[in-house]
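Numbering follows the working numbering, with no gaps: position 28 of the sequence shown is 28.
Every residue gets a Cβ at the ideal spot worked out from N, C-alpha and C, and that includes glycine.
Below you'll find the structure, written out as structure tokens, and then a few comments.
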Amino acid sequence: MTKIRLDMDPTDKILLKRKLNKNGKGQRFFTHEVRRLSDPYTPMLSGHLKNNVTEEPAKIIYNAPYARRQYYENRGRGKQGTTKRNNHNYKCLRGKRWTERMWADRGKEIVKATAKYCGGKAR
Numbered sequence: 001m002t003k004i005r006l007d008m009d010p011t012d013k014i015l016l017k018r019k020l021n022k023n024g025k026g027q028r029f030f031t032h033e034v035r036r037l038s039d040p041y042t043p044m045l046s047g048h049l050k051n052n053v054t055e056e057p058a059k060i061i062y063n064a065p066y067a068r069r070q071y072y073e074n075r076g077r078g079k080q081g082t083t084k085r086n087n088h089n090y091k092c093l094r095g096k097r098w099t100e101r102m103w104a105d106r107g108k109e110i111v112k113a114t115a116k117y118c119g120g121k122a123r
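Following this line, the structure appears as structure tokens:
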């Protein structure tokens, strides 16, 4: 008969080693990447909405008083709005629901970067 003894670290220690604990470095990295890559999608007239942002470990808060309305109702008709094209004939990105549109375009990139940061691999 063979006996096997398996010593494992506690779950919290394993998660901490991979930076995956609650509100840990992995979560903060993910949140920062979402905000950073959402920046070109955020509506901008004076830059107040885009530049006045608070990052918490699990959420991004746009501090402008009109942020909610812009998020749900912006028509994308500004200088770089979604209804315009730039000099290279590419569709501009700025408009409503900017984090959702960014995630659809670049979500896999964020997952790969976060997995690499935490020492894993993305599927």
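Specify the secondary structure class of residue i as computed by DSSP and reduced to three states.
i           : result
residue 110 : helix
residue 59  : strand
residue 26  : helix
residue 85  : strand
residue 96  : coil
residue 42  : coil
residue 50  : helix
residue 79  : coil
residue 116 : helix
residue 91  : strand
Report yes if the CB atom of residue i is closer than 8 angstroms to the CB atom of residue j, and no otherwise.
i           : j           : result
residue 118 : residue 26  : yes
residue 82  : residue 94  : yes
residue 37  : residue 102 : yes
Compute the Euclidean distance between the alpha carbons of residue i and residue j, then round it to the nearest angstrom.
i           : j           : result
residue 100 : residue 7   : 43 angstroms
residue 116 : residue 122 : 8 angstroms
residue 79  : residue 65  : 21 angstroms
residue 84  : residue 49  : 20 angstroms
residue 4   : residue 51  : 57 angstroms
residue 39  : residue 33  : 10 angstroms
Of all the options the options, which has the alpha carbon lying nearest to the alpha carbon of residue i?
i           : options             : result
residue 28  : 112, 78, 55 and 85  : 55
residue 9   : 18, 23, 107 and 111 : 18
residue 23  : 105, 111, 57 and 84 : 57
residue 109 : 60, 61, 30 and 53   : 30
Please indicate yes or no: does the CB of residue i lie closer than 7 angstroms to some heavy atom of the ligand HEM?
i          : result
residue 51 : Although the ligand HEM was asked about, the structure shown includes no ligands whatsoever.
message: Across the region 40-57 and the region 65-72, are there enough close Cβ pairs to call them in contact, namely three or more that are closer than 8 angstroms?
response: yes
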